[in-house]
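The block underneath contains the structure these notes are about, expressed in structure tokens.
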Amino acid sequence: FYVRPTIFAQAHNDMRIAQEEIFGPVGTVIPFDDEEEAIAIANGTQYGLAASIWTRDLSRAHLLARQVKAGAVWINCWAAIDPRLPWGGYKTSGIGRENGYSGILAFTEEKAVTVAL
432 FYVRPTIFAQ AHNDMRIAQE EIFGPVGTVI PFDDEEEAIA IANGTQYGLA
482 ASIWTRDLSR AHLLARQVKA GAVWINCWAA IDPRLPWGGY KTSGIGRENG
532 YSGILAFTEE KAVTVAL
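What follows is the structure in structure tokens.
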């Protein structure tokens, strides 16, 4: 099936559209009054794969990024995936990490072999 590009404006965090991902070109706009409420909305889901913060204030964006419970947080961009960086989510958004050094470790199992000479 195909989903046409859609924006859901004035949504609320308890709506299904805000709690489940649609794998298509769909955006959900949830209004908030302050940064504390924005963080509560962002973290108020069982998922935590990725988030995006859009602002002119980069210092504030970095403070907010630390509070968002997501495996990737982009500032003023979206889906900027770099294979050198670990990729994986928090909460029920996957297990472990792919890519980067963390990803190599996730697919590596060490073994020690000792030989008496």
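Letter by letter, the sequence shown follows residues 432 to 548 in my numbering.
By construction, the Cβ of each residue, glycine as well, lies at the ideal position given by its N, Cα and C atoms.
ALA469 to VAL504 span [Cα, whole Å]: Counting from one through the sequence shown, the residue named residue 469 turns up at place 38. Counting from one through the sequence shown, the residue named residue 504 turns up at place 73. A straight-line Cα-Cα distance of about 14 Å links ALA469 and VAL504.
From the DSSP output, which residues share a beta bridge with VAL457? Locating residue 457 in the sequence shown gives position 26, where the first residue counts as 1. Looking at the DSSP assignment, VAL457 forms a beta bridge with THR437.
Count the other C-beta atoms from every protein chain shown that fall within 10 angstroms of the C-beta of ILE484, then say buried if there are 16 or more, exposed otherwise. Locating residue 484 in the sequence shown gives position 53, where the first residue counts as 1. Counting other Cβ atoms within 10 Å of its Cβ, ILE484 reaches 16 or more and is therefore classed as buried.
Going by alpha carbons, who is nearest to ASP465 out of LEU495, GLY519 and ASP513? Numbered from its first residue, the sequence shown carries residue 465 at position 34. Ranking LEU495, GLY519 and ASP513 by Cα distance to ASP465 puts LEU495 first.
Assuming contact is defined by CB atoms lying nearer than 9 Å, are LEU381 and ASN530 in contact in what I supplied? Since the first and last residues shown for the chain are 432 and 548, residue 381 lies out of range.
Specify, as a first and last residue, the run of the beta strand (DSSP E) that ILE484 falls within. As a first step, residue 484 must be located in the sequence shown, where it is residue number 53. Element bounds for ILE484: 481-484.
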